[in-house]
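Okay, structure first, notes after.
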Amino acid sequence: MHSRSLSVLFLSALPLIGADVNVLRVCADPNNLPFSSRSGEGLENRLAELLAHRIGRSVAYTWWSERKNFIEQTLGEDRCDAVMSIPSSLDSAGTTRPYYHSTYVFVSRKDRDLRITSLADSRFSNWRIGIHVVGDDYAPPAYALAHRGLAANITGFSLFGAYGEPNPPARLLDAVASGDVDVAIVWGPLAGYFAARHNTRFDIAPVSPAVYLGVPFRYGISVGVRKGDEPLRQKLDQALDGACTSVQALLRSYGVPQVAEPEGGKACGPRPPSRAASS
Amino acid sequence: MHSRSLSVLFLSALPLIGADVNVLRVCADPNNLPFSSRSGEGLENRLAELLAHRIGRSVAYTWWSERKNFIEQTLGEDRCDAVMSIPSSLDSAGTTRPYYHSTYVFVSRKDRDLRITSLADSRFSNWRIGIHVVGDDYAPPAYALAHRGLAANITGFSLFGAYGEPNPPARLLDAVASGDVDVAIVWGPLAGYFAARHNTRFDIAPVSPAVYLGVPFRYGISVGVRKGDEPLRQKLDQALDGACTSVQALLRSYGVPQVAEPEGGKACGPRPPSRAASS
Amino acid sequence: MKISSLVWVKTILLTAVAAAISLAQIQNQPDDGQWTMPAKNYASTRFSTAGEINVSNVKNLKLAWTFSTGLTRGHEAAPLVVNNTMYVVTPWPNTLYALDLTKPGAPAKWAYQPNPVPAAQGVACCDVVNRGAFYYNGKIYYNTLDAQTVAVDAATGKEIWKTKLGDINQGETITMAPIVVKGKVLVGDSGGEFGVRGWLAGVDADTGKIAWRAYTTGPDKDVLIGPNFKPFYASERGADLGVKTWQGDQWKIGGGTAWSWISYDPELDLIYYGTSNPGPWNADMRPGDNKWACTIFARRPETGEAIWAYQIFPHDDHDYDAVNENILLDLTINGRLRKVLAHPDRDGRMYIMDRATGEVISAEAFAFQNTTEYVDLKTGRIKIVESKTTGFKTTRDICPAPPGGKDWQPSAFSPRTGLIYIPHNNLCYEIQGVQANYIAGTPYVGANVKMYAGPGGNRGEFTAWDPVNAKAVWKIKEELPVWSGAVVTAGDVVFYGTMDGWFKALDARNGTPLWQFKLGSGTVGQPVVYKGPDGKEYIAILSGVGGWSGAVVSGGLNPAADGTAALGFGNAMADLGKFTTKGGMLYAFALP
Amino acid sequence: MKISSLVWVKTILLTAVAAAISLAQIQNQPDDGQWTMPAKNYASTRFSTAGEINVSNVKNLKLAWTFSTGLTRGHEAAPLVVNNTMYVVTPWPNTLYALDLTKPGAPAKWAYQPNPVPAAQGVACCDVVNRGAFYYNGKIYYNTLDAQTVAVDAATGKEIWKTKLGDINQGETITMAPIVVKGKVLVGDSGGEFGVRGWLAGVDADTGKIAWRAYTTGPDKDVLIGPNFKPFYASERGADLGVKTWQGDQWKIGGGTAWSWISYDPELDLIYYGTSNPGPWNADMRPGDNKWACTIFARRPETGEAIWAYQIFPHDDHDYDAVNENILLDLTINGRLRKVLAHPDRDGRMYIMDRATGEVISAEAFAFQNTTEYVDLKTGRIKIVESKTTGFKTTRDICPAPPGGKDWQPSAFSPRTGLIYIPHNNLCYEIQGVQANYIAGTPYVGANVKMYAGPGGNRGEFTAWDPVNAKAVWKIKEELPVWSGAVVTAGDVVFYGTMDGWFKALDARNGTPLWQFKLGSGTVGQPVVYKGPDGKEYIAILSGVGGWSGAVVSGGLNPAADGTAALGFGNAMADLGKFTTKGGMLYAFALP
């Protein structure tokens, strides 16, 4: 009586343990919203479902915390076929065309009305500046500030924090809200997502210049596959092209601030002729 | 603004890869409805969520096809903390109290009106009898029939089939419907679930006697934990006690035919004093 | 048979025996110091003409170099040595390494990765083993656990072809080493899951195309039985016995895989191999002889056509596969030169058969057994001890146990001593009714099998067998089942390894222990002998415990596997017990 | 420094040097043929008084037995030998095996499983290694990757206590071998993740309670600097330098872990250890000297109180940890008997320091280096070559590379030759601006570090160093970084292993190669010497390549690691390249 609905249900019931051509194996962090979560609420979770559906596969996750050597330990050790977000310019994996470009942004309390637009702003020398530390390194804008002699003004906030805690990246926005720092410089998708969910109103503005001393603050983001897995890369490129409007809607729903592509192309236009590297 | 709903969302976002005290690691077959499926539609999926919630954990699955050495390769190799359904009398794992008792059943076409009640029925010698083969062995009623010299009347249907296909156990009910066999002898929960979803109307009756030549046809089903993991076993026992009415409702929704407990206790009564083994 | 640690059963006149043997197969294959197939030659003698290492100097044998596979499952493969290169096939993921013997320490030249699907690991019945490769015409041929056969360029490691022969979704895997005969790669399936219908296939060595497939059960056309089929015994004659000796359609899921060794006689142009037990396990569920399970087949290599067959154990109820090796020898028996095959069977008997006709010449027990009384040489029928049959009942004190008097671990034969060297088991078992089990959501009952050491308390033996007089000449007791192969040399030294990690050399003439070395892990591999680029004789063996014998240890046979929790052994080590640890390593030995 | 394969730099008068050395530490610990701590003794000489194996007969050294760990990550631990039992700690999951040396083949008596949480593997910076255990008063003490210290009954394998010292969620792991001094188990943390604040802790050996913890950065009260702190140099004096030499709060996440070796002088009652590099990596982000990173500390073992400190490399910008071993020697230098510590640093210099005061006596380069000009012995300050500093710029041809002229792999000292035997690297690097990277959803930029072989093209060296005259006496070139420890004996033989799997013996007097053996996997372990129950001298070493050096191989340093795809090496093997395969195995050697 219910056989029709049952057969639909079985589409996502996967046959065997391990590699299977009907499965897109995705490595993702189980606690890294807005990007991914074990409960499937992240942008990358949604993107994985969307792309897998378009290439006729179902998604199987390998959960792996996104710390250093993430690519090497996941794609590199064949724990999965794809990771949903990596910079288009990354050498250690094969990358699809970028499906969005975003930027580091200045985040300050709206009620302070600071109107920050540039790293060259002379007020930085009087401010406490919050910046994420990523592994052993600071996020890119820190280098520009240190080069200006403002290393002492920087307070580092671990992107990881104590990993067991929910939502570590949001601590930086809390610090802006509480006044512990005057301004935070944050990767756009994090800022967009957490600011929209915060009780405090923030001003958010893209970091300019876009590149400083060779360090880019804007990045194209691609899906990553194993280096040399050209068949999958091409399939995913086609899927991204075909699903472009859905992907754009998805990005909007997560508040991802987008910037124009370096080539000036449109988000849903044809694929640029060469890899749209940001650096 | 949405911080309250967000914090709820993070309850199931798990911190770290591997063992974690906030997680109940469950091994389950990804393609074994009505018991479990990767999409989470199975009885065992629902039970795992229910029990995990009651003991303050979230569920993390290790998908493992439920073939031979399932217990040894899953609980035995510490791939998980619990499996949701094993016979209460199994020695290779620790078991909670049974949360249901079911039986092998006779399944025949309703329109044939065969009114089978006992393995002693003399008509079996004229019938083709379909029985599942489970690994290297037949399901228990086959032994009773073989003992009566009816081995040639038995047609074996692999419980696994080609594992990639949906729904292998249902093939046996198809054979009853098509007349390829006159009667099938099937484990109750499979019969109840698939019969309710079949286009054909079936008669279903428990196999009697309940035990024949020392082989039981009725089994108590428990949650299994690693042998010696007494703390978890006790927690799950308490959870089963506390959630008894929910568990009973769950079993009904999957059409599990239940039989009285050997001790004559009630499904939601106090825990029987000793392990309710069926054999 | 009562045995002591080293029993000299019978003194033989070495020269007389050696003179009595015509060794067509061996002499036709001059030994160039290479080792191109696991069994050394088509006759499967595992005899090396190398004599540099001998009974006098083997005590000085030293480890020359080692090579780690980086894997921890059972390592059952024989390495090959061709053109100063050693080829090693690992357990799953079935990597093929080529080691350069011309360089110090034999570094890897290349590694070929067939990438078998991980799911195959869950289908394998008895660990994810592989028993080795075969060199032929510039290529290395071997099988992968996910039921594929590959041909790899021996010089470059480049894949030439890969052919899928079976379906792991149906429970089929492949663990055996293929042999290549007359341009055909011969491959049989493994499959622990019920529902497999066994087969042997001939695959074109150049193209990878399947030329023929001979099923074990079913109608004659599937079994490739035709007008040239001339079995010796009347019981093997008749149309479609592969159907008629089963009830109903049970032959369709009747087992009978061909997962072990194949030999070849170029003069008779016949290949020889045995088939495994019938399914399901409980014999009461499958009345009849269940042909052609537990059968030795002689077939044409190019077409697969069956020439004769002999079912060793009709209606097998002890899991007594007939898959063990068939050693092809020309022996003078009762004054008559016979072309024989020597087959040490799971049932514990050494079958000496006329390999041209399929006649059984003798079938005496080399291991303790009580399940059969004798083989009737007139009818070919084995006489079963009724009290030891199984089925839906409790039976105790059954010997040998399901792994047999001997399992796949291959014997060796020396033309110098005239003896067959058999690494084997001394295991008995009982079936105690049924016990509840659960697979895929369904309770079922299975026989409650308990295995234990046979008479004497030792679980393994190493026996030197005189195939002419059908008697043991000497025996060595081993604590654990001897699950490695044997090899014997013209230096009259015989080598084998033990599951607790000792690699041993005995005097082939009398079994005197001459040398032993403690390997890092127990061995279930196959020793080989080769001449290095330096002209020296080397003995190589893979260690790395595992295989079904690992399951034997974990199955309660080894009392040390339980109860050691208090001393700190966790569950993860329980399968290896106190005797050994895991880890795959190749050891190459030579004189200093 | 120009080197050839074997350079005899200077002839020394062996007897004269030996006579010049007062060996209080060594003589105070009579050698009973056991090996109770990785460094052999508190002075960390790794010198065995055994002389059975000597320069004349070492060529006959043969493998006695092997033991497989069944694991495939880097095996860096030194085995211990106590009461005819060998104790082996494995990489994660950090199993402790007790092997019975009184039985043939040294079978396991028991195995203790600490069950570290699997998540620790993801936090470890540089493979999931462990560097060994320490025997004290009937117990085996060691650390687990998930930052716990355990005490295990040496006889039974029973856990006595287990104490959590760090939090893997904060990036803290432990890989070092503890030492036990005056009832305190001394343990320091590892931590590759930014945000770790390094420490050394003293844990009560009986109860497992933490008695004290000395942080590397922060105010004096956290660093356990008090009134008795008397550093030799003015630059190390002043209140709260662990705060003041940083900008703002950066000291709170300033690194400076204590992940390597600790020595102890019972007469002075001082322990000695070094701290790691400051964080973050980019030096421009942390102006100042960044104390007390890259520092050698002398502390009281019972309280942790700092007595002196010397920061080797202020404001380190090359990841030059100061964690390497400190060998405690009494040497006559310039006619004066000095109690010194010899510290071969990452920066490529051998620091000979007065261990009572912290004065630097000499600091000459044992490895090729171009980042520093000299150490000013008056001020203690190292003179930096400005053109080789890093930060937010491109710098080329920097030697040594971040793994240093030498990493953790410990040296040995022979009182007979007066030489320190240093297994080390010959690596240079360049920083080419920045490259995009991505962690946890966030793009960032990191220095694009490329390492390559130093002058001569060899990536490793083994150097014999005269600490009195501060000069190399001989050097051996090695193709790969020498990442194993060294050991030297009274037979004047020095042993070490290579990453491509050769275990080597040299003449300690002149570096003449005397013997070598090919291990199954490359070694990054530590050889030890012991007397077996049979009275014979044995040399044991764990093989099993891995560690940070494995990452070096996989990081493009090894040209063979790329481009071999055509020959069949898959991605999974690329990290080990053509030189070796994985697999943990203990090898024990003896004379026949």
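Chains as they are written, first to last, in our numbering: chain A, 1 to 279; chain B, 280 to 558; chain C, 559 to 1150; chain D, 1151 to 1742. All C-beta atoms in this analysis are idealised placements derived from N, C-alpha and C, irrespective of residue type, glycine included.
Check residue i in the structure and name its three-state DSSP category.
| i | result |
| --- | --- |
| D:N1587 | strand |
| D:K1190 | coil |
| B:M280 | Here the model assigns B:M280 a pLDDT of 31, short of 50, so the residue's position is not dependable, and the following value carries that caveat. B:M280 falls in the coil class under three-state DSSP. |
| D:A1562 | strand |
| C:L758 | strand |
| C:A772 | strand |
| D:H1465 | coil |
| B:Y472 | helix |
| D:V1125 | Outside the shown range of chain D (1151 to 1742) lies residue 1125 of chain D, about which nothing can therefore be said. |
| B:Y422 | helix |
| D:V1373 | helix |
| C:I910 | strand |
| A:N153 | helix |
What does residue i touch in chain C if you count any residue whose Cβ is under 7 Å from its own?
| i | result |
| --- | --- |
| D:T1216 | K1076, L1077, G1078 |
Would residue i pass as a contact of residue j if the rule is Cβ separation under 7 Å?
| i | j | result |
| --- | --- | --- |
| C:W966 | C:G862 | no |
| A:A139 | A:H132 | yes |
| B:W495 | B:V384 | Residue identity differs from the one stated: residue 495 of chain B is Pro in this sequence, not Trp. No; because the gap between Cβ atoms is not below 7 Å, this pair is not in contact. |
| D:G1352 | D:K1334 | yes |
| C:S972 | C:A1066 | yes |
| A:S89 | A:P98 | no |
| C:G756 | C:G1105 | no |
| D:I1446 | D:L1336 | no |
| B:L438 | C:A998 | yes |
Anything in chain C within Cβ reach of residue i, meaning under 8 Å, just list it in chain order.
| i | result |
| --- | --- |
| B:H426 | D842, F950 |
| B:Y340 | The contacting residues do not exist; B:Y340 stays about 16 Å from chain C at best. |
| B:R480 | What B:R480 touches in chain C: nothing, since even the nearest Cβ is about 24 Å away. |
In chain D, which residues lie with their C-beta within 9 Å of the C-beta of residue i?
| i | result |
| --- | --- |
| C:T707 | By Cβ distance, chain D contributes nothing, its closest Cβ being about 17 Å from C:T707, past 9 Å. |
Query - Cβ-based contacts, 7 Å cut-off: residues of the segment 23 to 45 of chain A near chain D - result: Cβ contacts with chain D come from D29, N32, F35.
Query raised in the report: Counting pairs of beta carbons, one from the segment 806 to 819 of chain C and one from the segment 829 to 845 of chain C, are three or more of them closer than 8 Å?
Result: Three or more Cβ pairs closer than 8 Å define a contact, and the segment 806 to 819 of chain C meets that threshold against the segment 829 to 845 of chain C.
Query - Residues in the segment 1248 to 1263 of chain D having any Cβ partner in chain C nearer than 8 Å - result: P1254, G1255, A1256, P1257, A1258, K1259, W1260, A1261, Y1262, Q1263
Report task. Count the CB pairs spanning the segment 840 to 848 of chain C and the segment 800 to 809 of chain C that are closer than 8 Å, and state whether there are at least three. Result -> yes
Requested in this report: Anything in the segment 94 to 116 of chain A with a Cβ closer than 8 Å to a Cβ of chain D? List those residues in chain order, please.
Outcome: none
Query raised in the report: Taking one C-beta from the segment 938 to 947 of chain C and one from the segment 1043 to 1057 of chain C each time, how about it: are there three or more such pairs within less than 8 Å?
Result: no
Query - chain A contacts from the segment 1589 to 1618 of chain D (Cβ-Cβ distance under 9 Å) - result: I1589, A1590, G1591, T1592, P1593, Y1594, V1595, G1596, A1597
Query raised in the report: Is the segment 48 to 58 of chain A in contact with the segment 167 to 185 of chain A, if contact means three or more CB pairs nearer than 8 Å?
Result: no
Report task. Mind checking the segment 799 to 815 of chain C against chain B and listing, in chain order, the residues whose C-beta falls within less than 8 Å of any C-beta there? Result -> Q805, G806, D807, Q808, I811
Report task. For the segment 498 to 514 of chain B, enumerate the residues whose C-beta is nearer than 7 Å to any C-beta of chain C, in chain order. Result -> Y498
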